[in-house]
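As structure tokens, the structure follows; a few thoughts come after it.
Number of protein chains: 2
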Amino acid sequence: MEQKRFFLKEADLPKQWYNIQADMVNKPMPLLNPATKQPIKAEDLYPLFAQELSRQELNQTDRWIDIPEKVQEMYRYYRSTPLVRAYGLEKAIGTPANIYFKNESVSPVGSHKLNSALAQAYYCKQEGVTNVTTETGAGQWGAALSYAASLFGLEAAVYQVKISYEQKPYRRSIMQVFGAQVIPSPSMTTRAGKDILTRDPNHQGSLGTAISEAVELARMTPNCKYTLGSVLSHVSLHQTVIGLEAEKQMEMAGEYPDMVIACFGGGSNFGGISFPFMRHKILEGKKTRFIAAEPASCPKLTKGKFEYDFGDETGYTPLLPMFTLGHNFKPANIHAGGLRYHGAGVIVSQLLKDGLMEAVDINQLESFKAGCLFAKAEGIIPAPESCHAIAATIREAIKCKEAGEKKTILFNLSGHGLVDMGAYDQYLAGNLVDYTL
Amino acid sequence: MEQKRFFLKEADLPKQWYNIQADMVNKPMPLLNPATKQPIKAEDLYPLFAQELSRQELNQTDRWIDIPEKVQEMYRYYRSTPLVRAYGLEKAIGTPANIYFKNESVSPVGSHKLNSALAQAYYCKQEGVTNVTTETGAGQWGAALSYAASLFGLEAAVYQVKISYEQKPYRRSIMQVFGAQVIPSPSMTTRAGKDILTRDPNHQGSLGTAISEAVELARMTPNCKYTLGSVLSHVSLHQTVIGLEAEKQMEMAGEYPDMVIACFGGGSNFGGISFPFMRHKILEGKKTRFIAAEPASCPKLTKGKFEYDFGDETGYTPLLPMFTLGHNFKPANIHAGGLRYHGAGVIVSQLLKDGLMEAVDINQLESFKAGCLFAKAEGIIPAPESCHAIAATIREAIKCKEAGEKKTILFNLSGHGLVDMGAYDQYLAGNLVDYTL
Chain A
1 MEQKRFFLKE
11 ADLPKQWYNI
21 QADMVNKPMP
31 LLNPATKQPI
41 KAEDLYPLFA
51 QELSRQELNQ
61 TDRWIDIPEK
71 VQEMYRYYRS
81 TPLVRAYGLE
91 KAIGTPANIY
101 FKNESVSPVG
111 SHKLNSALAQ
121 AYYCKQEGVT
131 NVTTETGAGQ
141 WGAALSYAAS
151 LFGLEAAVYQ
161 VKISYEQKPY
171 RRSIMQVFGA
181 QVIPSPSMTT
191 RAGKDILTRD
201 PNHQGSLGTA
211 ISEAVELARM
221 TPNCKYTLGS
231 VLSHVSLHQT
241 VIGLEAEKQM
251 EMAGEYPDMV
261 IACFGGGSNF
271 GGISFPFMRH
281 KILEGKKTRF
291 IAAEPASCPK
301 LTKGKFEYDF
311 GDETGYTPLL
321 PMFTLGHNFK
331 PANIHAGGLR
341 YHGAGVIVSQ
351 LLKDGLMEAV
361 DINQLESFKA
371 GCLFAKAEGI
381 IPAPESCHAI
391 AATIREAIKC
401 KEAGEKKTIL
411 FNLSGHGLVD
421 MGAYDQYLAG
431 NLVDYTL
Chain S
1 MEQKRFFLKE
11 ADLPKQWYNI
21 QADMVNKPMP
31 LLNPATKQPI
41 KAEDLYPLFA
51 QELSRQELNQ
61 TDRWIDIPEK
71 VQEMYRYYRS
81 TPLVRAYGLE
91 KAIGTPANIY
101 FKNESVSPVG
111 SHKLNSALAQ
121 AYYCKQEGVT
131 NVTTETGAGQ
141 WGAALSYAAS
151 LFGLEAAVYQ
161 VKISYEQKPY
171 RRSIMQVFGA
181 QVIPSPSMTT
191 RAGKDILTRD
201 PNHQGSLGTA
211 ISEAVELARM
221 TPNCKYTLGS
231 VLSHVSLHQT
241 VIGLEAEKQM
251 EMAGEYPDMV
261 IACFGGGSNF
271 GGISFPFMRH
281 KILEGKKTRF
291 IAAEPASCPK
301 LTKGKFEYDF
311 GDETGYTPLL
321 PMFTLGHNFK
331 PANIHAGGLR
341 YHGAGVIVSQ
351 LLKDGLMEAV
361 DINQLESFKA
371 GCLFAKAEGI
381 IPAPESCHAI
391 AATIREAIKC
401 KEAGEKKTIL
411 FNLSGHGLVD
421 MGAYDQYLAG
431 NLVDYTL
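Respectively, the protein sequence lines represent chains A and S.
Heads up: the first sequence runs through residues 1 to 437, numbered per the working numbering.
Heads up: the second sequence runs through residues 1 to 437, numbered per the working numbering.
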């Protein structure tokens, strides 16, 4: 009997997150204070983030970071997520490749984002914070943070990118059911928002804009911290539970991936599934390929420049050494709202520079075509973001078919697309277009 | 360490469905041919249903029915579903009761409906059928049947109740992604639909109406069978995988339920989780209470009459001995579309008559209040139908609190409500009302 799904026993769940910075030969370059151009220290981040998160952000020495007991307890509500052998997709492609996916869409809020939201809310609560702010694109992160905040009794204010707020009204409702306040961004509630709207009254918003607003609100509100759903190193750190579980689950399946694939917005789900496997590449010379799938309309990894840039549109954040399209880049209105970000995390940027991973860009139509094939084969409607990972997987599986090679591919299904059916509707009606940069 | 979730090993998954009819002291009364008033035989159903399903429908002797290998294989993609200890909900209520729920919302299509859709599509395919028709309310069944049909290479036509078609456009899109044809009912594509629209051009549709249309289309189409998502005995039979798994999972948790609770439309998810536990009540005298939670606006169990009635509005089906509000009953436009049905399955009707189970009616506002409490506590947005089961659970948990009794409650979370966020929106905005009959 072929096994379809692999779960870990609760006792086997990860008790520590994996910090790849400790194992990197070339560490990420320092974050810089934009005024002094001096390297940022953890203390410099305390006004913005919980202190423990600030320390995790800059930690380049400890390979393993303990997951607090309380966070482990909450992980047990939905983790391990299943590792699934995608027999249906293999058959639909007719590939000799063995395809597995880690199904993060079964988390309560529907995506991997909860893994970091719980950790961030926990540390904020521990340090006496009462309010949190954040940005969200498609709303996966916003929903996760809203739920985590509600669990820890924190007030949450979420700036949702305007185009997504309008495209995906149900995601806003989900955040509201969890008790969060949701504001479309750019808004008139912040200086940053007002300035952007003055320059461009029809600005559709981007993650960079929403970050500026959330950061500003956090600064102006007593006892309030800002939280971020991707890009930063501590976010990828929390997401390594995905890869650590997948490592054990692949072992249960008796396989080791030749390729690990994930979609790419700021890097958190990509880092989450990749880094634990990448340590075997760094330390033991394993040959695994790591493929980040980004949208062709927002291709920072394949067409951006590696340079110091701001993480937000207004320039409130430290300068980050990263692949970027420029912090004023205005991404096209693709439905994969979570991938509409101009930059890449500093760890991933360094790894790409060092040739430890690669990137591909995927057009919107190819991504939805892949998503529909997957849906019909596996029964799960994937998030438009995750469709990029599926499209990259299908490309590789077709190469295997052409070459007659039986490779093992692992991809991350970062979330479901049930709240994105409007996008599928438009795709099926032939109303979607590509926006290649 | 307290365990939150219980899964079965693939090897421990049920290999047979449980047919409660074999153990019932008073068997359900026969289905009658409306013209001759003679009991229906399996052969009489062959024109409408796959032959094996027709035989299952009337089987009152075999306690266990083998699950075909192929269906078992497909179950393994998503089963077992987790049994979850609802620590969050218990805390939110402040109850000494131990609350568990069986989480069917993690099935690929988001509800328990797939358990029967796979079986029905399998038997149709086996018997050379090429097309299937069905009705759907909220769309949970329609989505399940569409996916199952796509897996077996069958063409699917789904009549969706018009009010749900309009309230829940995303569910229609999901069916279309799976390749089904979706028609709002009442429609002009059938005689039954035309007659209803002639009488009442603004008819909002009901499951009874949609069944008439789907039955008629099946009759008029070569090589086409009709499939049904609830009410019928073979549907509950397939759904017993829920309760059979839950039985073993409760054993893993070291508990046995004092109460088993499920929402009630036609009876398939209620029967699915209840019947395996009920056999211990019938055979061994266990004291478990079984509670069906129906909407106050469509209360066939609490306010209907036990009599012979048609299963559809037009009168195409056999006469069923059941609790019913009358086949011309027009349910109010509540958002729990899956519960907008005038009758109850014949097995459940007999069990209720014999006092083996009980029923409660829940108002729309109470159901959404319960759903929001559950969402904040457990992170899962429940389907409006499932909110009725949660509301009934909360009522019982509050009774436990008042009496200081530590009872064990098991309820079925039949599906998620991610495609029903419009309803939650309206609830949060104070725009929903109660419709008590």
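Cβ coordinates follow ideal geometry from the N, Cα and C atoms, glycine included.
Keep in mind the model is a prediction, meaning the values are calculated, not measured.
Short CB-CB distance (under 7 Å) between residue i and chain A
i: S/Q120; result: no
i: S/D438; result: In this structure chain S extends from 1 to 437, so residue 438 of chain S is not present and cannot be described.
i: S/K303; result: no
i: S/I380; result: yes
i: S/S105; result: no
i: S/S236; result: no
i: S/S233; result: no
i: S/Y170; result: yes
i: S/P108; result: yes
Residues near residue i in its chain [Cβ-Cβ closer than 8 Å; skip 5 each side]
i: A/P28; result: Q21, Q60, S233, P321, V346, I347, S349, Q350
i: A/G94; result: K401
i: S/A440; result: Nothing in the structure corresponds to residue 440 of chain S, since chain S is present only between 1 and 437.
Contacts around residue i, its chain only, beta-carbon distance under 6 Å, and the 5 residues preceding and following it disregarded
i: S/S150; result: F178, G179
i: S/G208; result: D312, E313, H327, H342
i: A/M74; result: L118
i: S/H388; result: C263, A293, I362, S367
i: S/A148; result: A117, L118, A121
i: S/V215; result: Y226, Y316
Interface flag, residue i vs chain B, CB-CB below 7 Å
i: A/M421; result: Judged by its chain identifiers, the structure shown contains no chain B, and its protein chains are A and S.
Proximity of residue i and residue j at Cβ, strictly below 7 Å
i: A/S304; j: A/L325; result: Checking the displayed sequence, the identity of residue 304 of chain A turns out to be Gly instead of Ser. Taking 7 Å as the Cβ cut-off, A/G304 and A/L325 qualify as a contacting pair.
i: S/Q140; j: S/G266; result: no
i: A/D309; j: A/T408; result: no
i: S/Q239; j: S/N131; result: no
i: S/I160; j: S/P184; result: Looking at the sequence itself, residue 160 of chain S is Gln, so the reference to Ile does not match. Going by C-beta atoms, S/Q160 is nearer than 7 Å to S/P184.
i: S/I380; j: A/P382; result: no
i: S/G415; j: S/G229; result: no
i: A/Y18; j: A/P276; result: yes
i: A/A35; j: A/L58; result: no
i: A/A218; j: A/C124; result: no
i: S/C301; j: S/F270; result: A small correction: the amino acid at residue 301 of chain S is Leu; Cys does not occupy that position in the sequence shown. Cβ atoms of S/L301 and S/F270: not closer than 7 Å.
i: A/K102; j: A/L83; result: yes
i: S/A375; j: S/I394; result: no
i: S/V158; j: S/T190; result: no
Neighbourhood of residue i by C-beta distance below 7 Å, restricted to the same chain and skipping five residues each side
i: A/Y427; result: F368
i: A/T436; result: A296, S297, N363
i: A/Q56; result: I65, H234, L237
i: S/Y122; result: P68, K70, V71, F152
i: A/R172; result: G139, Q160, Y165, V182
i: S/E10; result: R76
i: S/L244; result: P14, Y18, P276
i: S/F329; result: H342
Best match in the options for proximity to residue i [C-alpha to C-alpha]
i: A/M188; options: A/A292, A/E166, A/S212, A/P169; result: A/S212
i: S/P14; options: S/G422, S/R76, S/D23; result: S/R76
i: S/A292; options: S/C298, S/C263, S/E284; result: S/C263
i: A/E385; options: A/K399, A/A423, A/E378; result: A/A423
i: A/S274; options: A/E255, A/K287, A/I242; result: A/I242
i: S/G315; options: S/A210, S/G254, S/C224; result: S/A210
i: S/G307; options: S/M357, S/R279, S/K353; result: Looking at the sequence shown, residue 307 of chain S is not Gly but Glu. The shortest Cα separation from S/E307 among S/M357, S/R279, S/K353 belongs to S/K353.
i: S/N202; options: S/K168, S/C224, S/P222, S/I163; result: S/I163
Minimum Cβ-Cβ distance from residue i to chain S less than 7 Å
i: A/Y77; result: yes
i: A/F270; result: no
i: A/F7; result: yes
i: A/E10; result: yes
Open item on the list: My parser needs the alpha helix (DSSP H) runs of 4 or more residues fully inside the region 72–113 of chain A; what are they?
Closed with: 87–93
Task: beta strand (DSSP E) runs wholly inside the region 5–71 of chain A, at least 3 long, in chain order - done: 16–18, 64–66
TODO: Go through the region 349–432 of chain A residue by residue and report every complete run of the alpha helix (DSSP H) that reaches 4 residues or more, in order.
DONE: 364–378, 384–403, 421–428
- [ ] Can you check the region 137–199 of chain S for any beta strand (DSSP E) of at least 3 residues that lies completely inside it and give the ranges in chain order?
- [x] 155–161, 181–185
Open item on the list: Quick check for students: name the residue ranges of the alpha helix (DSSP H) that lie wholly in the region 312–356 of chain S, counting only runs of 4 or more.
Closed with: 346–353
Task: 3-residue-minimum beta strand (DSSP E) runs that sit fully inside the region 242–322 of chain S, ordered along the chain - done: 259–263, 289–295, 305–310
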